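Chemist: Below are the structure tokens for one structure; questions will follow.
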Amino acid sequence: MKEKLIEFIRDEFLDEPDTEITENTKLISSGMIDSFSLVSLQAFIQQEFGKRIPAPRITAESFDTVKQMIEVIKQF
Amino acid sequence: MISFEFFGILILSVVLYWIIPRQSLRNLLLILASFAFIYLLDQWSIAVVAGLSLVSYFFGILIEKHPKRSLIHACGVVFVLGVLIAFKYLGFLSGIFNSLAGFINALPQFEIRKLLLPLGISYIVFKHISYLTDIKWGLIKPGRFIDFLLYSSLFTIFVAGPIERFENFKPQVEQSRLPFSWCNIDYGFMRIVFGMFKKLILADWIGYFISPIWENLHHYGQWIRLLALLGYSFQIYFDFAGYSDIAIGSSRLFGIKIMENFNNPYLAPNISQFWRRWHISLSNWIKDYLFFPLSKISNKRLWQIFFVPVIAMALCGLWHGASWHFMLWGLWHGLGLSALQIWNQYKRKHKQLGKATKSKWFNYAGIAMNFCFVTLGWWWFR
Chain A
4 MKEKLIEFIR DEFLDEPDTE ITENTKLISS GMIDSFSLVS LQAFIQQEFG
54 KRIPAPRITA ESFDTVKQMI EVIKQF
Chain B
4 MISFEFFGIL ILSVVLYWII PRQSLRNLLL ILASFAFIYL LDQWSIAVVA
54 GLSLVSYFFG ILIEKHPKRS LIHACGVVFV LGVLIAFKYL GFLSGIFNSL
104 AGFINALPQF EIRKLLLPLG ISYIVFKHIS YLTDIKWGLI KPGRFIDFLL
154 YSSLFTIFVA GPIERFENFK PQVEQSRLPF SWCNIDYGFM RIVFGMFKKL
204 ILADWIGYFI SPIWENLHHY GQWIRLLALL GYSFQIYFDF AGYSDIAIGS
254 SRLFGIKIME NFNNPYLAPN ISQFWRRWHI SLSNWIKDYL FFPLSKISNK
304 RLWQIFFVPV IAMALCGLWH GASWHFMLWG LWHGLGLSAL QIWNQYKRKH
354 KQLGKATKSK WFNYAGIAMN FCFVTLGWWW FR
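Protein sequence lines correspond, in order, to chains A and B.
All you need for my numbering is the position in the first sequence, starting with 1, plus 3.
All you need for my numbering is the position in the second sequence, starting with 1, plus 3.
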């Protein structure tokens, strides 16, 4: 799950695909991904992992790093 | 909000609140205090708050228990939106209809008298939509009616927000007893003082200087007009941020933590970041209950990049008031968000550009450009 999320984020949202992303890289609060990207990320998670994450759970506080994303996905 | 009634009720209820030993009785006291505050400002609004809360709670229970939760949810949302439209937008909509009827002679003209706008109706309706939708999504349970009524009516956040979520509010008031803490009193008092300073000193003084210009714009040259616009940009920020500070601080006097509403919005390097820092409770609401659902209607790029932000922000503009100028302000921001999305996609295709935009100077230029964009937008808002 971690690798798939990192690969998707790197390919879809980053200006420089070589940028290193770890599971603790801050993505939303750092401005790396914006609100528009979150919609695609939500769709990707639903398509890839079969989990529909409600929008209020996709915030800079709860969905900022890949690690946090995995924790939220596991809750649903 | 900054009135004798507000602070009179606040001081009296804070003292009584901490004397009362049980949280359920404290919640009841806060409801009574809130209803007293609403009654003093507008008697009619009490019936709307109580009636709307009762019906929304009923829908919340139904959504939780009924197998067709999506249908019940849709009915609930249509009902609360219907209430908002009836009170706030009927006059505006009939005006549009009559303009159309003027073009097409076969259509009849309607004369709809504008209903009295209940206090805080825009805030309460958005709170109720988030309540119903969060139940549908399984994020919250309907809770006890008394807690929901307190959530709907709490006087500290009733008039000017923030648009708190029931999910954050409920765990705080359903405890057996919120512990008293001098830290909360100290923090709450300081936030109120900061809020009063922003509102009464900064916002009102700026207003004192720029209001005469706005009232006679045609008497002044373009530079003075620009100065008035710049002044208004700061006036509206200090005004609203001040109210939010007072709301957050007043709530904290009861031990209740309310979400932050502003975070240095004029230091945002782009319009998307601006909306993560300006009226945060509203922009989060727009993101969760408008932006995401709208995005799912179609996967087409034009829809995602252009129509979703423009529609969402136009509706956000209309939420501020039933008038074309608010909608134009929303459209301005929607177009800004759309342009940013196109720019981001362009950057992804041109990697060298992406690297160049990482410099701190580019960031400063972004802050300056974004401030100019937002400030120009206030022209329509005012």
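For each residue, glycine too, the CB sits at the ideal point set by N, CA and C.
Quick caveat, the model's predicted, so the values are computed rather than measured.
Contact check, B:V313 vs B:S341 under 8 Å by CB: the rounded distance?
Modeler: With a Cβ gap of about 6 Å, B:V313 and B:S341 count as contacting.
Chemist: Tell me which residue opens and which closes the alpha helix (DSSP H) that B:S73 is part of.
Modeler: That run of the alpha helix (DSSP H) goes R72 to L87.
Chemist: For B:W382 and B:A231, I'd like the C-alpha separation in whole angstroms.
Modeler: In a straight line, the C-alpha of B:W382 is about 10 Å away from that of B:A231.
Chemist: Could you check where the alpha helix (DSSP H) with A:L17 kicks off and where it finishes?
Modeler: That residue, A:L17, is in no alpha helix (DSSP H); it is neither H nor E in DSSP.
Chemist: Any residues in the segment 52 to 71 of chain B with a beta carbon nearer than 7 Å to a beta carbon of chain A? Which ones, in chain order?
Modeler: Of all residues in the segment 52 to 71 of chain B, none has a Cβ within less than 7 Å of some Cβ in chain A.
Chemist: Apart from the five residues on each side of it in sequence, which residues of its chain come closer than 6 Å, Cβ to Cβ, to B:Q178?
Modeler: Answer for B:Q178: Q26, listed in chain order.
Chemist: Since I believe B:L87 is in contact with B:I124 (beta carbons under 8 Å), could you give me their beta-carbon distance rounded to a whole number of angstroms?
Modeler: B:I124 to B:L87, Cβ: 6 Å. Contact.
Chemist: Taking only beta-carbon atoms, is B:Q175 less than 8 Å away from chain A?
Modeler: Cβ-Cβ to chain A under 8 Å: no for B:Q175.
Chemist: Out of B:S298, B:S214 and B:K202, state which residue places its alpha-carbon closest to the alpha-carbon of B:F243.
Modeler: Nearest option by C-alpha distance: B:K202.
Chemist: Would you say the segment 160 to 168 of chain B touches the segment 276 to 285 of chain B, given that touching needs at least three Cβ pairs under 8 Å?
Modeler: Contact between the segment 160 to 168 of chain B and the segment 276 to 285 of chain B is present, because at least three Cβ pairs lie under 8 Å.
Chemist: Based on Cα-Cα distance, which residue from A:I73, A:E64, A:L30 and A:K29 lies nearest to A:K54?
Modeler: For A:K54, the nearest C-alpha among the options comes from A:I73.
Chemist: Measure the C-alpha to C-alpha separation of A:T25 and A:E10 and round it to an integer number of angstroms.
Modeler: Approximately 11 Å between the Cα atoms of the pair.
Chemist: Short of 7 Å Cβ to Cβ, which residues in the segment 15 to 40 of chain B face chain A?
Modeler: Within the segment 15 to 40 of chain B, no residue qualifies.
Chemist: Tell me whether the beta-carbon of B:I132 lies closer than 8 Å to the beta-carbon of B:Y292.
Modeler: Against a cut-off of 8 Å, the Cβ pair of B:Y292 and B:I132 comes out as a contact.
Chemist: Would you list, in chain order, the members of the segment 359 to 385 of chain B that have their beta-carbon closer than 9 Å to a beta-carbon of chain A?
Modeler: Residues T360 and K361.
Chemist: Tell me whether B:H222 is buried or exposed, calling it buried when 16 or more other Cβ atoms sit within 10 Å of its Cβ.
Modeler: Answer is exposed; the Cβ neighbour count stays below 16.
Chemist: For B:R280 versus B:F295, is the C-beta distance shorter than 8 Å?
Modeler: No, the Cβ-Cβ distance between B:R280 and B:F295 is not below 8 Å.
Chemist: For B:D137, go through chain A and note every residue whose CB falls closer than 7 Å to its CB, in chain order.
Modeler: Correct list: P59.
Chemist: On the CB-based measure, 16 or more other CB atoms within 10 Å of its CB, does B:K139 come out buried or exposed?
Modeler: Buried, since its Cβ has 16 or more Cβ neighbours within 10 Å.
Chemist: Only counting runs of 4 or more residues, tell me where the alpha helix (DSSP H) segments fall wholly within the segment 319 to 380 of chain B, in order along the chain.
Modeler: Qualifying alpha helix (DSSP H) stretches, in chain order: 327 to 352 and 354 to 359.
Chemist: In angstroms with no decimal places, state the Cα-to-Cα distance between A:K84 and A:I56.
Modeler: Residue numbering for chain A in the displayed model covers 4 to 79; residue 84 of chain A lies beyond these limits and cannot be assessed.
Chemist: Over what stretch of residues does the alpha helix (DSSP H) that includes B:P215 continue unbroken?
Modeler: First-last of the alpha helix (DSSP H) with B:P215: D207 to E218.
Chemist: Does DSSP put B:Y223 in a helix, a strand or coil?
Modeler: Correct three-state label for B:Y223: coil.
Chemist: How far does the alpha helix (DSSP H) with B:K202 in it reach, from first residue to last?
Modeler: No alpha helix (DSSP H) contains B:K202, which DSSP labels as neither H nor E.
Chemist: I'd like to check one pair, B:V17 with B:F257: are the Cβ atoms closer than 8 Å?
Modeler: In contact: B:F257 and B:V17 (Cβ atoms closer than 8 Å).
Chemist: Return the chain-ordered ranges of every alpha helix (DSSP H) run that is complete within the segment 131 to 199 of chain B and spans a minimum of 4 residues.
Modeler: Listed in chain order, the complete alpha helix (DSSP H) runs (minimum 4 residues) inside the segment 131 to 199 of chain B are 148 to 156, 169 to 176 and 185 to 199.
Chemist: Below 8 Å between beta carbons: does that hold for A:I31 and A:F16?
Modeler: Going by C-beta atoms, A:I31 is not nearer than 8 Å to A:F16.
Chemist: Alpha carbon to alpha carbon, how far is B:G324 from A:D67?
Modeler: So the two alpha carbons sit approximately 34 Å from each other.
Chemist: Rounded to a whole number of angstroms, what is the C-alpha to C-alpha distance between B:I209 and B:F237?
Modeler: For B:I209 and B:F237, the distance between alpha carbons rounds to 8 Å.
Chemist: Would you report the Cα separation of B:F10 and B:F158, rounded to the nearest angstrom?
Modeler: Spanning the two alpha carbons is a distance of roughly 11 Å.
Chemist: Less than 6 Å between C-beta atoms, sequence neighbours within five positions excluded: which residues of the same chain meet that for B:L33?
Modeler: Contacts found: L153.
Chemist: Would B:M372 be called buried (16 or more neighbouring beta carbons within 10 Å of its own) or exposed?
Modeler: The residue is exposed, with fewer than 16 neighbouring Cβ atoms inside 10 Å.
Chemist: Check A:E74 in the structure and name its three-state DSSP category.
Modeler: Of the three classes helix, strand and coil, the one that applies to A:E74 here is helix, per DSSP.
Chemist: Taking B:G397 as part of the alpha helix (DSSP H), name the residues at either end of that continuous run.
Modeler: For chain B, the structure presents residues 4 to 385; residue 397 of chain B sits outside this window and is missing.
Chemist: Can you tell me where the alpha helix (DSSP H) holding B:R29 begins and where it ends?
Modeler: Segment Q26 to L44, the alpha helix (DSSP H) holding B:R29.
Chemist: Which bits of chain B does A:Q45 rub up against, with CB to CB less than 8 Å?
Modeler: Correct list: F295.
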